[in-house]
Amino acid sequence: MTKKLHLWLVALLSLVSASSGHDLAKLERSFWLNASLAAPKLGYWGTSFAPPEAPTSAEITNAARMLIQQANPNQLYLIHHDELPVAETKRIFRDWRKACPASVEIVPALVLKMYDKATTPVFTAAELEELLTFFKAEIHAERIAIYDVLPKRDQGDALAAMAKQFPKGMIRVGLQPDEPLDAPFTAAVEDTWSGFCHGLTNKDWQDRGFGRDTLRKWISLRNEQTKPIVYDLIVVAWDYANTKRGEYPGYDDAHKNMPLPAGRNRLAVDEILANARPDVLAGFSADLLIIELNSETPQHDDNVSFYKTLKAGRNYEGYYAKPWQEMCEIFHSLGQVRRPATE
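First residue of the sequence shown? That's 27 in the numbering used here, and the numbers climb one at a time after it.
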């Protein structure tokens, strides 16, 4: 982003902050990604997956540095689904904590049930207890997350165990727009994929019945409750190739999914800031696991996938680079908005 454009965006967001009642300097700017940076592994889809190769401490340091340099996040949700032994998992979380400045919160995000037909529990009771004790003592004393993009799943006994350890800081990452946010959850990161994707051009997106209308309905729904909501910004869109105006093609295929159209995230952020209640809007997030799963396909980035560039300490310049860079610009600008002076 050019310096002139960056200054314009900061000034615009400052104006929005003053006029809308949002304190942009306090908003969450977060990512969700695998703590293990494993590629390509989906171990929570069943019990037959081999364990991934654990990242080195240097690779985690590189990844943290690149994320902070490119986007200036103030929070990371690190997904873990028991893909590595507990001792190695503790080392990885310690490395992330050491690699990030104190201003960046690290929140573990656990997958409690696999995505197989039996919805097999991911952790034994003993494994979960050991991890929760460790997370509370060394990573975050107050907050923990559950990662699940499927709606209304029974999370089993593990949910109660987590709520007992973190009674005021249970976060649901991947909440669906029409899914209620029930106890014991106290906040959520909401998936916004279809609302952002629906529209081939930004003019289409803003037309009646397209993505902007959908997003407004979702915001209105959350405004009716009081729990804080973080809205997901989007990098990977669906396949527009066989659509007339960017309608849903009927499938979600990592081999075919396309980059989100340029400028779409900025338009969506404007809508959220204009319509979300200040006491409900908690910030913005982005799903980096989805970038990895789509970029690692042979049709897209293959051997230079998103996680691999992070671990190597390089900027991501692959197939989804334009919406990724746009989202990073938004995060940087939000982080530099000055709080209004008190009278």
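Where is the CB? At the ideal position from N, CA and C, for every residue including glycine.
Here the structure is a predicted model, which is why all the values come from computation and not from measurement.
For residue j and residue i, the rounded distance between their alpha carbons
{"i": "Pro349", "j": "Trp264", "result": "13 angstroms"}
{"i": "Ser62", "j": "Ile197", "result": "20 angstroms"}
{"i": "Pro210", "j": "Asp258", "result": "21 angstroms"}
{"i": "Phe119", "j": "Val199", "result": "18 angstroms"}
{"i": "Ile316", "j": "Val262", "result": "7 angstroms"}
{"i": "Leu110", "j": "Arg271", "result": "44 angstroms"}
{"i": "Arg169", "j": "Tyr345", "result": "34 angstroms"}
{"i": "Pro285", "j": "Gln351", "result": "11 angstroms"}
{"i": "Arg303", "j": "Ile255", "result": "10 angstroms"}
{"i": "Ser331", "j": "Asn301", "result": "36 angstroms"}
{"i": "Glu155", "j": "Ala187", "result": "8 angstroms"}
{"i": "Glu250", "j": "Val295", "result": "20 angstroms"}
{"i": "Ser246", "j": "Ala51", "result": "23 angstroms"}
{"i": "Arg55", "j": "Asn268", "result": "34 angstroms"}
{"i": "Gly361", "j": "Asp313", "result": "19 angstroms"}
{"i": "Glu85", "j": "Asp108", "result": "20 angstroms"}
{"i": "Ser359", "j": "Ala151", "result": "43 angstroms"}
{"i": "Val175", "j": "Phe236", "result": "23 angstroms"}
{"i": "Gln181", "j": "Thr115", "result": "22 angstroms"}
{"i": "Thr227", "j": "Asp233", "result": "10 angstroms"}
Cβ-based burial, residue i [other Cβ within 10 Å; buried from 16]
{"i": "Thr240", "result": "buried"}
{"i": "Tyr266", "result": "buried"}
{"i": "Ser74", "result": "exposed"}
{"i": "Glu318", "result": "buried"}
{"i": "Lys194", "result": "exposed"}
{"i": "Asn291", "result": "buried"}
{"i": "Arg340", "result": "exposed"}
{"i": "Asp217", "result": "buried"}
{"i": "Pro134", "result": "buried"}
{"i": "Glu322", "result": "buried"}
{"i": "Pro177", "result": "exposed"}
Top-ranked residue by Cα proximity to residue i, from the options
{"i": "Lys243", "options": "Phe222, Gly47, Glu54", "result": "Phe222"}
{"i": "Gly289", "options": "Asn283, Glu297, Thr269", "result": "Glu297"}
{"i": "Glu131", "options": "Glu322, Gln101, Asp327", "result": "Gln101"}
{"i": "Ile165", "options": "Leu104, Pro177, Asn98", "result": "Leu104"}
{"i": "Glu205", "options": "Ala167, Asp328, Thr212, Arg248", "result": "Arg248"}
Beta carbon of residue i nearer than 9 angstroms to that of residue j
{"i": "Tyr173", "j": "Trp71", "result": "no"}
{"i": "Ala347", "j": "Asn320", "result": "no"}
{"i": "Tyr274", "j": "Ser220", "result": "yes"}
{"i": "Ala184", "j": "Val215", "result": "no"}
{"i": "Ala89", "j": "Lys337", "result": "yes"}
{"i": "Leu293", "j": "Leu299", "result": "no"}
Range covered by the alpha helix (DSSP H) that runs through residue i
{"i": "His22", "result": "There is simply no residue 22 to check, as the chain begins at 27 and stops at 369 in what is shown."}
{"i": "Val112", "result": "112 to 125"}
{"i": "Tyr333", "result": "332 to 338"}
{"i": "Met92", "result": "83 to 97"}
{"i": "Arg242", "result": "237 to 249"}
{"i": "Ile165", "result": "Neither: Ile165 is in no alpha helix (DSSP H) and is coded neither H nor E."}
{"i": "Gly47", "result": "No alpha helix (DSSP H) holds Gly47; DSSP gives it neither H nor E."}
{"i": "Val199", "result": "No alpha helix (DSSP H) contains Val199, which is instead part of the beta strand (DSSP E) from 196 to 201."}
Span of the beta strand (DSSP E), counted from its first residue to its last, around residue i
{"i": "Gln191", "result": "Not the beta strand (DSSP E): Gln191 falls in the alpha helix (DSSP H), residues 183 to 191."}
{"i": "Gln101", "result": "101 to 106"}
{"i": "Ser311", "result": "307 to 313"}
{"i": "Phe57", "result": "54 to 60"}
{"i": "Glu131", "result": "131 to 136"}
{"i": "Ile411", "result": "The structure shown does not extend to residue 411, since the chain is modelled only from 27 to 369, so the question has no answer here."}
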